[in-house]
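Accompanying notes for the structure given below.
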Amino acid sequence: MTANQSFSWNPHSAGAAAPAPAKLPSLEERLNLAVSRGVDWLLASQAPEGFWLGELEADTTLESDYILYLHVIGKFDPERVEKLAQYIRRHQLADGGWNIYANGPSELNATVKAYLGLKLAGDSPDLPHMLLARKRVHELGGLESINSFERFYLALVGAADWGMVPAMPPELLVLPNWFYVNLYEISSWSRGILVPMAILYALRPSWHIPESAKLDELFREPEHRYRAFAWDTRVVTWKNFFLLADRVMKFIEQLPWKPLRKHALRAAEQWMMTHLERSEGLAAIYPAMMNSIYALMALGYGPDDPMTKREIAELAKFEIEDNGMIRLQPCVSPVWDTAIAMVALEEAGLPPNHPALVRAASWMLDQQILGSGDWQVKNPGVESGGWAFEFRNDHYPDVDDTAFILMALQRVDFPDRARMEAALRRGLNWVVSMQNKDGGWGAFDKDNDCRLLTHVPFADHNAMIDPATADVTARVCECLARMGWSASHPVMKRALHFLQGDQCEDGSWFGRWGVNYVYGTSGVLRALEPMGLARQPYALRGVRWLKSVQQANGGFGESIASYDEPEQKGKGAATASQTSWGLIGLLASAGPLDRSAERALEFLLTTQTHEGTWEESEFTGTGFPKVFYLKYHLYRHNFPLYGLARYRNMLSGAGEYRSMLISPESLEAWRAERRKAGRRRAQTLNGSGRTANGQTNGQAKVGTNGNNGNGTARGMARAAWNAAALKYRNGNGARGANGIEHKESKDRRGGS
13 MTANQSFSWN PHSAGAAAPA PAKLPSLEER LNLAVSRGVD WLLASQAPEG
63 FWLGELEADT TLESDYILYL HVIGKFDPER VEKLAQYIRR HQLADGGWNI
113 YANGPSELNA TVKAYLGLKL AGDSPDLPHM LLARKRVHEL GGLESINSFE
163 RFYLALVGAA DWGMVPAMPP ELLVLPNWFY VNLYEISSWS RGILVPMAIL
213 YALRPSWHIP ESAKLDELFR EPEHRYRAFA WDTRVVTWKN FFLLADRVMK
263 FIEQLPWKPL RKHALRAAEQ WMMTHLERSE GLAAIYPAMM NSIYALMALG
313 YGPDDPMTKR EIAELAKFEI EDNGMIRLQP CVSPVWDTAI AMVALEEAGL
363 PPNHPALVRA ASWMLDQQIL GSGDWQVKNP GVESGGWAFE FRNDHYPDVD
413 DTAFILMALQ RVDFPDRARM EAALRRGLNW VVSMQNKDGG WGAFDKDNDC
463 RLLTHVPFAD HNAMIDPATA DVTARVCECL ARMGWSASHP VMKRALHFLQ
513 GDQCEDGSWF GRWGVNYVYG TSGVLRALEP MGLARQPYAL RGVRWLKSVQ
563 QANGGFGESI ASYDEPEQKG KGAATASQTS WGLIGLLASA GPLDRSAERA
613 LEFLLTTQTH EGTWEESEFT GTGFPKVFYL KYHLYRHNFP LYGLARYRNM
663 LSGAGEYRSM LISPESLEAW RAERRKAGRR RAQTLNGSGR TANGQTNGQA
713 KVGTNGNNGN GTARGMARAA WNAAALKYRN GNGARGANGI EHKESKDRRG
763 GS
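Residues in the sequence shown are numbered consecutively from 13, following our numbering.
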C-alpha cells in the first residue's frame, strides 16, 4: 500500500452496500411519540367509574397528629402506631428536625409534633435521634414559640396549660351575620377547623397523655412560655387590640356565670352536625375532620357512637399503607385531578366522544352540587351549580374547580346534550355570581377579605380569609373567554382591572394555590390568550419575567422558599409541572416558535420516562402559604402532557372542539326563564299548601274532639319526617329537591 492510498475497514462482504446512517427522529415525530405515551399512561390510570385520583402528599405533621389522635380516641394499636412512627423517623433531617415540604429546612411546629408522636410511640427521649430533635427544637425557638393550634392540641392532652392558648369561646360563633366580624367572614376551611375547637375550648375535656410523654424538656426558656401574648412595642396596633381582647375573654372564662354559653354551645354543635351531613367528614379536610371527632367526644358522643364512628371511618380513608409504613393524605382530590386530566387528553387530540372522556364527563356531571352551602350567606338568591374538590363536600363548592371543570366539559361531545347544557349553564351562572367587589374571585366565598381577622392571636396558620387571587381570577377569565365572553364585558373588565392591579413590579403574578410566581404568571397569560390580550404590554412584562427565570437546561423551577424569601422568586430545582406552567405561559403570548418555548419543550421531551410520565420529588402545590404545602402526584403528568399537546396544536394550527358556547346574553335569558319557572313553582306550591292546610285543620279538629287525635297527628308527622330524612340521607340531599333526574340511582359520593 502506497502512502497515497487510504484504508477503511468494511465489515460487510465485498460488493455489499454500506448501511445508511440512522435517521434521527424529527421534532414532530418526537412530539407525537411523547404525547401518545402520555395519553396511554393517563388512560390506563383512569378509574372504572370515570375519574382520576392521584395521591395528595403532605408533610409528617399529619402522621404525628394521627398518633396523638389515636391516643385520644382510645384506638392506640401499637402495630399501627409503629408504622406511623416508622414513616416519621424516615423523614427526619440530618440536623434533627422535620420540614414541611420536600428538600425544605427544619420547621419548629413539624419538629415538635414529630417529637411528641415518637414519644407516644415509645421512643425514649435519650435515644440519639430524639436528643438531636430536642436540640433542633431549642435552636428553632423552643416549645414557647410554637403556633397557636399546636398549643391548643397540647393543652387538650395536658402537655401545655390553657393560658398558652388564645381564647376561642363559642360565643364568638353566634355573632349575627350583619356584625362586622362574624363566622362567615372567616375562610371556609378555617370555619371547619375553628367551630369544633371552640366547643373544645369551652368544655376542655381531660385526655391526658402519660407523664413520660410530656414535653417540658422542649422549652428553651420555660419562664417565657407565654411569649405569644407579649405586647407589641408600639402601643396602638391591631395586635395589642386583640391581645387585650384575649385577656378580657380569658377573664370572663374564669367567671362562674356565662349567660350565653349554653346557647353558644348548642349553636356550635348544630352547625357542626349540619355540616357533617352531605360530606365525607367536616369540610372533607384532615384538621377539621379530626377536630370534629374530638368535639363529638367532648359533647358525649363516644368513639363507638354511630355518628363518631362514621367520622372516624372517613378520616381513616386518608391512610395509605406501603412498605411497612402508614402515611396520610390531608384530603383527596378526584374532582380536581379529573378536570385537569380531561383537559390534557382533550388537548392531546382524544376524540371528543371518546369513551374515556364521555365516562369522565358523566361522572363529573353526577358530582355537580345543587344543594345549599356556606357560600350562600354572602351570595344569597343564586342557584347552586358548583363543584367541590373532593368526592363529597357539598357545603363547599369552589370557584377554581368549577371553572376548570366547565372548560373540561365544554370540550366533550356528550350524548345527553340537554343534561350537559343545563350543567354548564348552572355552573357558569354560579361562578359569575361569586365575583368579588374588587373584580377578582376567591376560592370558596364571595368578598371574604376582612383583613382585620389576620391579626387575631389564632391567625398564625395564615389562612383566616379567602380573598381574591390572581390564579383563581385568571382561571375564571379563561373559562368565560372560552365560553365566548369578550374582554369588553363588564364582568371581564372588572376582572382584568383586578389582574393588572395584582401584577408585581417585575411583571410576575403571585401563585396562591400553586408554587408560586411561575404558577401565577402562567395562569394569567393562559387566560389572556383566548381573550386576545396576550400581546398587551402587561402580558409581555409577564413573558419577560418568565424568560428571565428560565434555567440553562430549559426548565422552570421555583422553591417553596419563595413564599418567605423574595430573592428565591422563580428559583429552584427544575420540575416537570413547573416547566409545563412556564411553557404554557410562553406559548400563550410568545408562540411555539419562540426560542424559550422550544427550550422548555426540549426539557419535557428529554425528561419523559419510557412509561410516558415524568418524575418529580418537589412539592408544587400550596395549601396555606408559609404553613402547609402539597404534592399532587398527578401534576407531574397532567400538566406536561397538556403543555406538549398545546405546543403541537399551536405549531400545526389545529382547532379546538367546543360542544357549546354560552354568551352573556344567553346566560341572562336562561336566568330570566329560571326566575319565571321559580315563580310558577312557588304559586303551585302555595296553592297546594293552602289545600293541605285546610285538610290538616280539619283533621286536627277531629283529633281534638277525640282522645287520641294529637297522638295520631304526632305519629304521622314523626313518620313523615323520618321518611323524608331517610330519603335525604340515602340520596343526594338537596339535589333531589331541584328536579334533576339522574340516570343512575346510586350515588358514588358516599356520605351519610
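C-beta atoms are modelled at their ideal positions from N, C-alpha and C, and glycine is treated no differently. What you are looking at is a predicted structure, and each value in this text was computed from that prediction instead of being measured.
Near residue i, what residues of its chain come up, given a Cβ to Cβ distance below 7 Å and the 5 sequence neighbours on each side ignored?
i      : result
HIS275 : VAL186
LYS11  : Outside the displayed span of the chain (13 to 764) sits residue 11, for which this structure offers no information.
VAL389 : ASN189 and TYR196
SER76  : ILE100, LYS125, ALA126, LEU128 and GLY129
LYS251 : ASP244 and HIS467
TYR575 : ASN528, PRO637 and LYS638
ALA310 : ILE211, LEU212, LEU215 and PRO217
THR508 : Reading the sequence as shown, one finds Leu at residue 508 and not Thr. ALA499, listed in sequence order.
Relative to the C-alpha of residue i, which residue among the options is closest?
i      : options                           : result
ASP518 : LEU105, ASP173, ARG506 and THR533 : THR533
ARG648 : GLU630, VAL149, ASP472 and ARG278 : GLU630
GLU229 : LEU144, MET432 and ASN189         : LEU144
THR591 : LEU599, LYS583, GLY567 and ARG216 : GLY567
ARG431 : SER374, ALA689 and TRP442         : SER374
LYS583 : TYR531, ASP478 and ASN391         : TYR531
TYR165 : GLY624, TRP219 and ALA684         : TRP219
TRP269 : ALA214, ALA684, ASP89 and ARG506  : ALA214
ARG237 : PHE522, ARG687, ALA171 and PRO208 : ALA171
ASP107 : ARG148, GLU91 and THR72           : ARG148
PHE330 : GLY312, PRO578 and ALA296         : ALA296
VAL193 : ASP461, ASN111 and THR320         : ASP461
ALA586 : GLU614, THR350 and PHE416         : GLU614
GLY204 : ASN303, MET142 and GLY452         : ASN303
LEU184 : GLU623, ILE264, HIS501 and HIS150 : ILE264
In its own chain, which residues sit with a C-beta less than 8 Å from the C-beta of residue i, not counting the 5 before and 5 after it?
i      : result
ASP410 : GLY398, TRP399, ALA400, PHE401, ALA455 and PHE456
ASN734 : Bear in mind that a pLDDT of 39 at ASN734, under 50, signals an unreliable position, so the model cannot answer this.
GLN620 : ALA46, ARG49, GLY50, TRP626 and PRO652
SER601 : LEU537, LEU540, GLU541, ALA546, ARG547, ALA551, LEU552, GLY554 and VAL555
GLY496 : LEU673, ILE674 and SER675
PRO234 : GLU156 and ASP228
PHE142 : Inspection of the sequence shows that residue 142 is occupied by Met rather than by Phe. These residues qualify, in order along the chain: TYR127, LEU130, LYS131, ASP135 and SER136.
Might you give, ordered along the chain, the residues of its own chain that have their beta carbon closer than 6 Å to the beta carbon of residue i, omitting 5 neighbours on each side?
i      : result
SER520 : TYR529, THR533 and TRP557
LYS449 : ASP459
ASP317 : none
ASP173 : none
ILE596 : SER534, ARG538 and GLY655
ASP413 : VAL347, TRP348, TRP399 and PHE401
ALA573 : GLN580
ALA486 : GLY535, VAL536 and ALA539
PHE88  : LEU82
TRP283 : VAL207
Can you name the residues that DSSP bridges to residue i?
i      : result
LEU642 : GLY633
MET337 : ASP334
GLU69  : LYS643
SER291 : ASN405
ASN448 : Partner(s): none; ASN448 has no beta bridge.
THR621 : Paired residues: none, contrary to the question.
GLY526 : GLY633
ASN460 : ASP478
If I'm right that residue i touches residue j with Cβ under 8 Å, what's the distance once you round it to whole angstroms?
i      : j      : result
LEU96  : ILE79  : 5 Å
MET169 : ILE221 : Here residue 169 is Val; the residue named in the question, Met, does not match the sequence. With 8 Å as the limit, VAL169 and ILE221 qualify as a contact, their Cβ atoms being about 5 Å apart.
MET419 : GLU490 : 7 Å
TYR654 : VAL355 : 6 Å
SER571 : GLN580 : 5 Å
ASN391 : MET446 : 6 Å
LEU74  : PRO367 : That belief does not hold up - the Cβ atoms of LEU74 and PRO367 are roughly 37 Å apart, past 8 Å.
LEU43  : ARG660 : 5 Å
TRP453 : VAL484 : 5 Å
GLY451 : ARG524 : GLY451 to ARG524, Cβ: 16 Å. No contact.
Under 7 Å between C-beta atoms, does residue i make it to chain B?
i      : result
ARG611 : Judged by its chain identifiers, the structure shown contains no chain B, having just a single protein chain.
*Would you call the stretch 235–254 and the stretch 174–184 touching, i.e. three or more CB-CB distances under 8 Å?*
With a cut-off of 8 Å on Cβ pairs, the stretch 235–254 is in contact with the stretch 174–184, counting three or more such pairs.
*Do the stretch 189–204 and the stretch 94–114 meet, that is, are 3 or more Cβ pairs less than 8 Å apart?*
no
*asked:* For the stretch 67–75 against the stretch 676–688, do three or more pairs of beta-carbon atoms, one drawn from each stretch, fall closer than 8 Å, so that the two count as touching?
replied: no
_Under 8 Å: do the stretch 139–158 and the stretch 111–124 share three or more Cβ pairs, one atom per stretch?_
yes
*Mind the definition here: the stretch 315–335 touches the stretch 439–448 only if three or more C-beta pairs lie below 8 Å; say whether that holds.*
no
*Do the stretch 421–429 and the stretch 664–679 touch if we need at least three Cβ pairs shorter than 8 Å?*
With contact defined as three or more Cβ pairs closer than 8 Å, the stretch 421–429 and the stretch 664–679 are in contact.
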